[in-house]
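J.:
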Amino acid sequence: MAAVTGVDSVVKVMDKRGHRDVHSLRQARIGWMFSTPALVFIGLVTIFPIGFSVALSLSNVNVTGNGFALQGFTFSNYSQLIHSSTWRYALVFTVFYTVVTVAVEVVLGTMIALVLERLTKARGMMMALLLLPWSIITVISAELWQYIYEGTYGVLQAIFQSIGLGAPVFLGSPTSAIISMMVADIWKTTPFVAVIVIAGLVMLPSDVYEAASCDGASNWTIFWKITLPLLRPTIAIAVLFRVLQAFGVFDLPFVLTGGGPGTATTSLAILSYKVMFQNIDYGPGAAVAVSATLLVILGCLLFLRVFKTQVGREEVQ
Numbered sequence: 138m139a140a141v142t143g144v145d146s147v148v149k150v151m152d153k154r155g156h157r158d159v160h161s162l163r164q165a166r167i168g169w170m171f172s173t174p175a176l177v178f179i180g181l182v183t184i185f186p187i188g189f190s191v192a193l194s195l196s197n198v199n200v201t202g203n204g205f206a207l208q209g210f211t212f213s214n215y216s217q218l219i220h221s222s223t224w225r226y227a228l229v230f231t232v233f234y235t236v237v238t239v240a241v242e243v244v245l246g247t248m249i250a251l252v253l254e255r256l257t258k259a260r261g262m263m264m265a266l267l268l269l270p271w272s273i274i275t276v277i278s279a280e281l282w283q284y285i286y287e288g289t290y291g292v293l294q295a296i297f298q299s300i301g302l303g304a305p306v307f308l309g310s311p312t313s314a315i316i317s318m319m320v321a322d323i324w325k326t327t328p329f330v331a332v333i334v335i336a337g338l339v340m341l342p343s344d345v346y347e348a349a350s351c352d353g354a355s356n357w358t359i360f361w362k363i364t365l366p367l368l369r370p371t372i373a374i375a376v377l378f379r380v381l382q383a384f385g386v387f388d389l390p391f392v393l394t395g396g397g398p399g400t401a402t403t404s405l406a407i408l409s410y411k412v413m414f415q416n417i418d419y420g421p422g423a424a425v426a427v428s429a430t431l432l433v434i435l436g437c438l439l440f441l442r443v444f445k446t447q448v449g450r451e452e453v454q
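Numbering (our numbering), first residue to last: 138 to 454.
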């Protein structure tokens, strides 16, 4: 009798598991049914253009009056990049621009977040004001800064002349144009980093700070020993987002400097645009775009690997 009861219980458990499996399968089918249109749309607007760009970069592209045709597989487009001084300069400039702007934005954004996190009143109003630069479309922001930097009727030009500092040319020389473009980018995107860091600060455990205060730790020690280590995952997210945006910078230099003077502010995205749509050379232009994509992916993967290794060492210690 006991054996029969045991068999019945096993059968009931199997029935329940089978019912759960059928229910889970049904839920999965419903989920796929609702998500399929979105996945198809993402594939059309993201995956397909990337795949087509790779195909263009590996093909001999023949441009005719009726369009263009892919004629055969080749690595010559990438060979042209390697031997092109313009591509090498665009690569160096893009990397330099990304490193400098992201580093400054992370430092300034963290400082602003620390100040706002301590505010007890008007924090919401201050965050709303902080987000105003980020909410402006980059093209509009670039037009605004172009008016500020303009050499004849610009705002900065009038200020410098009124205080007797002469008439500096902000966009006329390579060095000043690069610095001016970086300032415009930092002004716009530092609030983005600050908001992400504020979100991380709010999530930090308060009991750790209470324990540190009871032990007599100074504010500087608390920041370096507690706040900054706990904020590393949040800062890593901000860095990743900003690297992805900064490495593909296009609209700011396109409007502000046009890639000039000369090729001083020509990023990889600007170079790809000029080669494809001004020189009508689709193969090398697509190769520039693909090379930029591969480099930023490799850079992000390397950053994540280093960050994961550092976090693992801290956990072991």
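Ideal placement from N, C-alpha and C gives every residue a C-beta, glycine not left out.
1) Tell me SER196's beta-bridge partners as DSSP assigns them.
2) Check for me: the alpha helix (DSSP H) holding ALA331 runs from which residue to which?
3) What first and last residue would you give for the alpha helix (DSSP H) that runs through ARG382?
4) Does the Cβ of TRP282 have 16 or more other Cβ atoms within 10 Å, making it buried, or fewer, making it exposed?
5) Can you tell me which of ILE316, ASP352, ASP344 puts its alpha carbon nearest to the alpha carbon of VAL241?
6) With DSSP run on the structure shown, which of helix, strand or coil describes THR403?
7) Work out the CA separation of TRP361 and VAL392 for me, nearest whole Å.
8) According to the neighbour-count rule (16 or more other Cβ atoms, all chains shown, within 10 Å of its Cβ), is ILE179 buried or exposed?
9) Who are the Cβ neighbours of LEU253 in its own chain at under 8 Å, not counting the five residues just before and after it?
10) Report the three-state DSSP secondary structure of GLY246 (helix, strand or coil).
11) Could you please give me the residues that DSSP links to PHE205 through a beta bridge?
12) Between GLY288 and SER313, what straight-line distance do the alpha-carbon atoms span, to the nearest angstrom?
13) Would you kindly work out how many angstroms separate the C-alpha atoms of VAL144 and PHE171, rounded to a whole number?
14) Quick check on this structure: which residue in ASN199, ASN203, LEU218 has the alpha carbon closest to the alpha carbon of GLY209?
15) If you follow the alpha helix (DSSP H) that ASP388 is in, where does it begin and where does it stop?
16) By the three-class DSSP mapping on this structure, what secondary structure does TYR290 have?
17) Who are the Cβ neighbours of PRO398 in its own chain at under 8 Å, not counting the five residues just before and after it?
18) Which of the three DSSP states is assigned to ASP418 in this structure?
19) For the alpha helix (DSSP H) containing ALA354, list its first residue and its last residue.
20) Just to confirm before moving on: does the CB-CB distance between TRP207 and SER196 stay below 8 Å?
21) Determine the closest residue to PHE212 out of VAL433, ALA192, THR231, VAL229, with distance taken between C-alpha atoms.
22) What residue does the alpha helix (DSSP H) around MET413 start on, and which one ends it?
23) Report buried or exposed for ILE442, applying the criterion of at least 16 other Cβ atoms within 10 angstroms of its Cβ.
24) Tell me the DSSP secondary structure of HIS160 in three-state form.
25) In this structure, does DSSP put ALA499 in helix, strand or coil?
26) Spatial neighbours of SER350 within its chain, please: CB distance less than 8 Å, with the 5 preceding and 5 following residues excluded, ordered by chain position.
27) For chain C, check one thing: does any of its Cβ atoms lie closer than 8 Å to the Cβ of GLN217?
T.: Judging by the given coordinates:
1) By 1-based counting over the sequence shown, the position of residue 196 is 59. Paired residues: PHE210.
2) Along the sequence shown, read from residue 1 onward, the residue named residue 331 stands at position 194. From DSSP, the alpha helix (DSSP H) with ALA331 extends over 311–339.
3) For this step, residue 382 is matched to residue 245 along the sequence shown. One point to set straight first is that residue 382 is Gln, not Arg, in the sequence displayed. Run containing GLN382: 365–384, per the alpha helix (DSSP H) assignment.
4) Mapped onto the sequence shown, residue 282 falls at position 145. Label assigned to TRP282: buried.
5) Along the sequence shown, one-based indexing puts residue 241 at 104. For the residues ILE316, ASP352, ASP344, the minimum Cα distance to VAL241 belongs to ILE316.
6) As a working mapping, residue 403 is identified with position 266 in the sequence shown. Three-state result, THR403: coil.
7) Sequence index remark: in the sequence shown, residue 392 carries index 255 (1-based). Sequence index remark: in the sequence shown, residue 361 carries index 224 (1-based). In a straight line, the C-alpha of VAL392 is about 40 Å away from that of TRP361.
8) Locating residue 179 in the sequence shown gives position 42, where the first residue counts as 1. When all chains shown are included, ILE179 counts as exposed.
9) To locate residue 253, count along the sequence shown from 1; it is residue 116. Hits under 8 Å: ARG260, MET263, MET264, LEU267, ALA331, ILE335.
10) To locate residue 246, count along the sequence shown from 1; it is residue 109. In the structure shown, GLY246 sits in a helix (DSSP, three-state: H, G or I).
11) The residue you call residue 205 lines up with position 68 of the sequence shown. Per DSSP, VAL200.
12) Locating residue 288 in the sequence shown gives position 151, counting from the first residue. Locating residue 313 in the sequence shown gives position 176, counting from the first residue. Between GLY288 and SER313, the C-alpha separation is close to 12 Å.
13) Counted from its first residue, the sequence shown places residue 144 at position 7. Counted from its first residue, the sequence shown places residue 171 at position 34. Because the pLDDT of VAL144 is 45, which lies under 50, any placement of that residue in the model is unreliable, and the question is left without a value.
14) Taking the first residue of the sequence shown as 1, we reach residue 209 at position 72. Per the Cα distances, ASN199.
15) Here residue 388 refers to the residue found at position 251 when the sequence shown is read from its first residue. Taken as a continuous stretch (DSSP letters only), the alpha helix (DSSP H) holding ASP388 covers 388–393.
16) What you label residue 290 is simply residue 153 of the sequence shown in a count that begins at 1. The DSSP-derived three-state label of TYR290 is coil.
17) Position 261 of the sequence shown, counted from the first residue, corresponds to residue 398. Closer than 8 Å at the Cβ level, and outside the excluded window around PRO398, lie LEU308, GLY309, SER310, PRO311, ALA314.
18) Translated into the one-based positions of the sequence shown, residue 418 becomes position 281. Reduced to three states, the DSSP call for ASP418 is coil.
19) Numbered from 1 along the sequence shown, position 217 holds the residue referred to as residue 354. Element bounds for ALA354: n/a, residue is neither H nor E.
20) For the purposes of this step, residue 207 is identified with residue 70 of the sequence shown, where counting begins at 1. For the purposes of this step, residue 196 is identified with residue 59 of the sequence shown, where counting begins at 1. The sequence shown places Leu at residue 207, not Trp. Against a cut-off of 8 Å, the Cβ pair of SER196 and LEU207 comes out as a contact.
21) As a position in the sequence shown, residue 212 is number 75, starting the count at 1. Here the closest residue by C-alpha is ALA192.
22) Taking the first residue of the sequence shown as position 1, residue 413 is located at position 276. Careful: MET413 lies outside any alpha helix (DSSP H) and carries neither H nor E.
23) To locate residue 442, count along the sequence shown from 1; it is residue 305. Here residue 442 is Arg; the residue named in the question, Ile, does not match the sequence. When all chains shown are included, ARG442 counts as exposed.
24) Counting from 1 along the sequence shown, the entry for residue 160 is found at position 23. In the structure shown, HIS160 sits in a helix (DSSP, three-state: H, G or I).
25) Only positions 138 to 454 of the chain appear in this structure, which leaves residue 499 out of reach.
26) Your numbering for residue 350 matches position 213 in the sequence shown. Answer for SER350: ILE359, listed in chain order.
27) Looking for chain C here will not work: only one protein chain is present.
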